[in-house]
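A.B. asks: Residue numbers (my numbering): 55 to 537.
Here it is, the structure, as structure tokens.
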């Protein structure tokens, strides 16, 4: 089977399974919320937060090095040893911290924290097996493990909650998810640990891990600094409205990430030494990403109040102005993530980190100015501008060696977006838009249909050609070649 066919089929597998497991998790969490007490969730949330703080130190991402380093046979063995050593060190750190946690929190929180840290070690090792499956483009196997592990762990947790086991049902769900993933990936992976530890590979992988640690640290800073600055300079109401608006703005990335990033990264890594196919892969992913995100851009730009009302209710409608501004951020987030995957796949992690550093460095002064000047809307504008700055940085690093046509990838869908907005503004007085459930849904759906039709007209044969390419690769076993 060709790499193109594996990648495209993998996108469908990842996307389909992710949406199904998301729905199952949503229903499961609703049931758990009815079976458990708020105190149970609070205790578990505290233990989980402490665990996540410790596992920031696991951001070396040695498992991703397995995917990126394609020319070393023993890289998986080295990644396994490094991940095992890192996990053991973190458990030792957890043992040192647990008496302090027991003193300041409670003994139960400390026990939960320790067990979660142990599960984190299993998760690190599962990641190595999963990375090997990614490297071999075994996306069906990866998807099947996720499809089995997530619902099964949720069912067991619901059963335990039903029989009155409280917070331990939440713990067991997290632990079983790691355990099922580990054994599932191990069973389906063709790789077996052989103790082949090469010093050269060790140094190369450790160097990759250090760069990834820097990148991950910047990403944590980027995802947390905005809340910290807003909470310090403004009030909790503004912070709450901002948080919910940004959560919605990130949904486009949540929707596209399983199918695009999880498949794109190993594809870029596989073709890192084949410039033509690497550029073709990047172009086709960007082509569809930009067009898909046009739907989110339009929806958030024109119907922010309706979206907020439908999902959160009337009391959250004050977040609508922020969501409207976030339409720009929502459009660019998946595009930036694809840029990052491209640079990581080529082994240029430092360039991806520089692009993220540009975002963080610009976000701080922009947020301070934005919050003090315009409050909620200023904060949303600052975050969106920082994202654009990061995009420009990523575009600069990629375009130096892999020039990509802006006109082909971005211009036509943006024209379709602009025309759709003009049409909407023209017919808006006739529609008499109000914040109503079914009416709002009909207006949003109709607007997106107009965008799709305009896109088809403006693209002429290009859109049809690329869709046909995707369909042909699903059915056939041809070499990777785009029209």
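Ideal placement from N, C-alpha and C gives every residue a C-beta, glycine not left out.
Taking residue 258 as the reference, which of 357, 128, 342 and 84 has the closest Cα?
C.D. replies: The residue with the shortest Cα to Cα distance from residue 258 is 128.
A.B. asks: Rounded to the nearest angstrom, what separates residue 198 and residue 69 at their Cα positions?
C.D. replies: Approximately 12 Å between the Cα atoms of the pair.
A.B. asks: May I have the straight-line CA-CA distance separating residue 150 from residue 342, to the nearest angstrom?
C.D. replies: Taking the straight line from one Cα to the other gives about 49 Å.
A.B. asks: Apart from the five residues just before and just after residue 429, which ones in its own chain have a Cβ nearer than 7 Å to its Cβ?
C.D. replies: Taken in chain order, the residues that qualify are 288 and 292.
A.B. asks: Restricting to runs no shorter than 4 residues, where is the alpha helix (DSSP H) found entirely within the stretch 181-254?
C.D. replies: Within the stretch 181-254, the complete alpha helix (DSSP H) runs of at least 4 residues are 193-216 and 221-242.
A.B. asks: Since residue 448 and residue 394 should fall inside the 8 Å C-beta cutoff, what is the C-beta to C-beta distance between them, to a whole number of angstroms?
C.D. replies: Their Cβ separation, rounded to whole angstroms, is 7 Å, which keeps residue 448 and residue 394 in contact under 8 Å.
A.B. asks: CB-CB under 7 Å to residue 200, same chain, minus the five flanking residues each way: which ones, in chain order?
C.D. replies: 71 and 75, listed in sequence order.
A.B. asks: Rounded to whole angstroms, how far is the Cβ of residue 414 from the Cβ of residue 275, which I believe are closer than 8 Å?
C.D. replies: Confirmed, about 5 Å.
A.B. asks: Between 104, 272 and 120, which lies nearest to residue 155 when the distance is taken from Cα to Cα?
C.D. replies: Checked all of 104, 272 and 120; the closest Cα to residue 155 is 104.
A.B. asks: My guess is that residue 391 and residue 315 are in contact by the Cβ rule of under 8 Å, so how many angstroms apart are they, rounded?
C.D. replies: Going by Cβ atoms, the distance from residue 391 to residue 315 rounds to 6 Å, so yes, they are a contact pair.
A.B. asks: Taking the Cβ atom as the reference point for each residue, do residue 466 and residue 512 lie within a distance shorter than 8 Å?
C.D. replies: Contact: yes.
A.B. asks: To which residues of the same chain is residue 266 closer than 7 Å at the C-beta, ignoring the five residues directly before and after it?
C.D. replies: Excluding positions up to five away in sequence, the list reads 113, 114, 115, 118 and 403.
A.B. asks: Drop a sphere of 10 angstroms on the beta-carbon of residue 147, count the other beta-carbons inside from all chains shown, and report buried for 16 or more, exposed for fewer.
C.D. replies: Classification for residue 147: exposed.
A.B. asks: On the three-pair Cβ rule with 8 Å, is the stretch 360-370 touching the stretch 419-434?
C.D. replies: Cβ pair count under 8 Å is below three, so no.
A.B. asks: Exposed or buried, what is residue 184 when buried is set at 16 or more other beta-carbons lying within 10 Å of its beta-carbon?
C.D. replies: The residue is buried, with at least 16 neighbouring Cβ atoms inside 10 Å.
A.B. asks: Does the separation of the CB atoms of residue 498 and residue 310 fall below 8 Å?
C.D. replies: No, the pair does not count as a contact, with Cβ atoms beyond the cut-off.
A.B. asks: Measure the C-alpha to C-alpha separation of residue 406 and residue 396 and round it to an integer number of angstroms.
C.D. replies: Taking the straight line joining both Cα atoms gives about 9 Å.
A.B. asks: Given a cut-off of 8 Å, decide if residue 130 and residue 222 are closer than it, judged by their beta-carbon atoms.
C.D. replies: No, they are not a contact pair.
A.B. asks: Helix, strand or coil: which one does DSSP assign to residue 64?
C.D. replies: Note: residue 64 maps to helix in three-state DSSP.
A.B. asks: Measure the alpha-carbon distance for residue 195 versus residue 182 and round it to whole angstroms.
C.D. replies: Approximately 14 Å, taken between the alpha carbons.
A.B. asks: Can you give me the C-alpha to C-alpha distance between residue 66 and residue 193, rounded to a whole angstrom?
C.D. replies: Approximately 9 Å between the Cα atoms of the pair.
A.B. asks: Rounded to the nearest angstrom, how far is the Cβ of residue 569 from that of residue 238, given a contact under 8 Å?
C.D. replies: Only positions 55 to 537 of the chain appear in the structure, and residue 569 is not among them; the question remains open.
A.B. asks: When the Cα atoms are used, what is the spatial distance from residue 110 to residue 456?
C.D. replies: Whole-angstrom Cα-Cα distance: 33 Å.
A.B. asks: Taking the C-alpha atoms as reference points, what is the distance between residue 450 and residue 205?
C.D. replies: For residue 450 and residue 205, the distance between alpha carbons rounds to 42 Å.
A.B. asks: Select from 82, 473, 282 and 132 the residue whose C-alpha is nearest the C-alpha of residue 348.
C.D. replies: Cα-wise, what sits closest to residue 348 is 473.
A.B. asks: What do you reckon, are the CB atoms on residue 438 and residue 379 nearer than 8 Å?
C.D. replies: It is a contact, given that the beta carbons lie within the stated cut-off.
A.B. asks: If we ignore side chains and look at the alpha-carbon of each, how far apart do residue 255 and residue 108 end up?
C.D. replies: Taking the straight line from one Cα to the other gives about 27 Å.
A.B. asks: Tell me which residues share the same chain as residue 445 and place their Cβ nearer than 6 Å to its Cβ, disregarding the 5 neighbours each side in the sequence.
C.D. replies: Only 386 and 390 meet the Cβ criterion.
A.B. asks: How many Å lie between residue 106 and residue 178 at the Cα?
C.D. replies: Approximately 13 Å, taken between the alpha carbons.
A.B. asks: Could you tell me if residue 532 is buried or exposed, where buried requires 16 or more neighbouring beta carbons within 10 angstroms of its beta carbon?
C.D. replies: Bear in mind that a pLDDT of 44 at residue 532, under 50, signals an unreliable position, so the number given afterwards is only what the model happens to contain. Result: exposed.
A.B. asks: Less than 8 Å separating the beta-carbons of residue 229 and residue 214?
C.D. replies: Contact flag unset, no.
A.B. asks: Mind pulling the beta strand (DSSP E) runs of 3 or more residues that sit fully within the stretch 355-420?
C.D. replies: List check, beta strand (DSSP E) in window: nothing returned.
A.B. asks: Sorted by chain position, which residues of the same chain lie with C-beta nearer than 6 Å to residue 502's C-beta, five sequence neighbours on each side aside?
C.D. replies: Around residue 502: 349.
A.B. asks: If you reduce the DSSP assignment to three classes, tell me which class residue 461 lands in.
C.D. replies: Three-state DSSP puts residue 461 in a helix.
A.B. asks: Classify residue 94 as buried or exposed, calling it buried when 16 or more other Cβ atoms lie within 10 Å of its own Cβ.
C.D. replies: The residue in question, residue 94, is buried, as its Cβ has 16 or more Cβ neighbours within 10 Å.
A.B. asks: For residue 317, which residues in the same chain have their Cβ closer than 7 Å to its Cβ, ignoring the five residues on either side in sequence?
C.D. replies: 61, 64, 65, 68 and 193.
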